[in-house]
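Enquirer: One structure, as structure tokens, below. Some questions next.
Residue numbers (my numbering): 1 to 235.
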């Protein structure tokens, strides 16, 4: 069954846009007719870039730095008049050690990139989203639902994204909808390189996750807010 969404006349801001899931989200919003504003600390360069710079308006920014987040949001609004959807995709994974062997730099990295970016982007986009009854979709993780061995700070940071989403939904009821998606292992070149012997057939394509994110920002999900939606297929 084919499903389509109409985002014509709407502005979508996607963080972490240079990565596999971020670039897929940009493509999904663009294909639906949205004006896509992409931001990342890494610019899409070269033939191996996952993000097509011709498909988006790119705004470079370190989303762990509040002043840079504020500048990116202001530039987007100045250029396009507002924001209708925010996709908090910026994130990273690092693990492999029990808590007593994990250095604080790893903890800081995971909370900065996974949670702080979502907080800052939401904080500064919210006044503009409120003006347009917009929507936020953030990327949590399946592993955030329980503790596990070796990647506790990652799980905790993604649990924070889920709880931040629930808070945004409560605080903006009737104004801005906020939801999260929860992937497991995403089928990306980096993950295939990291886990060459895994069963890649059970992994989920970034484009499929992006379609769920698009749905959650669409009018079709107008009664859905505060949800954490599984997007891990059979992984």
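C-beta: ideal position from N, C-alpha, C; glycine also.
Report buried or exposed for residue 194, applying the criterion of at least 16 other Cβ atoms within 10 angstroms of its Cβ.
Expert: As a position in the chain shown, residue 194 is number 194, starting the count at 1. Per the 10 Å Cβ criterion, exposed.
Enquirer: According to DSSP, is residue 205 helix, strand or coil?
Expert: Residue mapping note: residue 205 aligns to position 205 of the chain shown, counting from 1. Three-state DSSP puts residue 205 in coil, outside helix and strand.
Enquirer: Please classify residue 3 as buried or exposed, where buried requires at least 16 other C-beta atoms within 10 Å of its C-beta.
Expert: Start at 1 with the first residue of the chain shown, and residue 3 comes out as number 3. Flag for residue 3 reads exposed.
Enquirer: Might you give, ordered along the chain, the residues of its own chain that have their beta carbon closer than 7 angstroms to the beta carbon of residue 71, omitting 5 neighbours on each side?
Expert: In the chain shown, residue 71 corresponds to position 71, counting from 1. Only 61 meet the Cβ criterion.
Enquirer: Rounded C-beta distance between residue 13 and residue 90? I'm assuming under 8 angstroms.
Expert: To locate residue 13, count along the chain shown from 1; it is residue 13. To locate residue 90, count along the chain shown from 1; it is residue 90. The Cβ separation is near 11 angstroms, so there is no contact.
Enquirer: Under a three-way DSSP split, which group does residue 241 fall into?
Expert: Since the displayed the chain opens at 1 and closes at 235, residue 241 lies outside it and no answer follows.
Enquirer: Tell me, to the nearest whole angstrom, how far the beta carbon of residue 180 is from that of residue 162; I am working on the premise that it is less than 8 angstroms.
Expert: Within the chain shown, numbered from 1, the residue matching residue 180 stands at position 180. Within the chain shown, numbered from 1, the residue matching residue 162 stands at position 162. Contact flag correct, Cβ pair sits at about 5 angstroms.
Enquirer: According to the neighbour-count rule (16 or more other Cβ atoms, all chains shown, within 10 Å of its Cβ), is residue 78 buried or exposed?
Expert: For the purposes of this step, residue 78 is taken as residue 78 along the chain shown, with counting starting at 1. The residue is exposed, with fewer than 16 neighbouring Cβ atoms inside 10 Å.
Enquirer: In this structure, does DSSP put residue 154 in helix, strand or coil?
Expert: Position 154 of the chain shown, counting from 1, holds the residue named residue 154. Three-state result, residue 154: helix.
Enquirer: Ordered along the chain, which non-local residues of its own chain (more than five positions away) have a Cβ less than 8 angstroms from that of residue 207?
Expert: The count along the chain shown starts at 1 and reaches residue 207 at position 207. Result list for residue 207: 24, 27 and 28, in chain order.
Enquirer: Measure how close the beta-carbons of residue 35 and residue 121 come, nearest whole angstrom, since I'm counting them as under 8 angstroms.
Expert: The residue given as residue 35 occupies position 35 in the chain shown. The residue given as residue 121 occupies position 121 in the chain shown. With 8 angstroms as the limit, residue 35 and residue 121 do not qualify as a contact, their Cβ atoms being about 17 angstroms apart.
Enquirer: Do the CB positions of residue 156 and residue 168 come within less than 8 angstroms of each other?
Expert: One-based indexing of the chain shown puts residue 156 at position 156. One-based indexing of the chain shown puts residue 168 at position 168. Going by C-beta atoms, residue 156 is not nearer than 8 angstroms to residue 168.
Enquirer: Contact between the region 84-103 and the region 131-141: three or more CB pairs below 8 angstroms?
Expert: Result yes; three or more Cβ-Cβ pairs closer than 8 angstroms.
Enquirer: Based on the DSSP secondary-structure assignment, which residues constitute the bridge partners of residue 13?
Expert: Mapped onto the chain shown, residue 13 falls at position 13. DSSP lists 37 and 86 as partners of residue 13.
Enquirer: By a C-beta neighbour count over all protein chains shown, 10 Å radius and 16 as the cutoff for buried, is residue 222 buried or exposed?
Expert: Residue 222 sits at position 222 when you count from the first residue of the chain shown. Counting Cβ neighbours within 10 Å, residue 222 comes out exposed, since fewer than 16 surround it.
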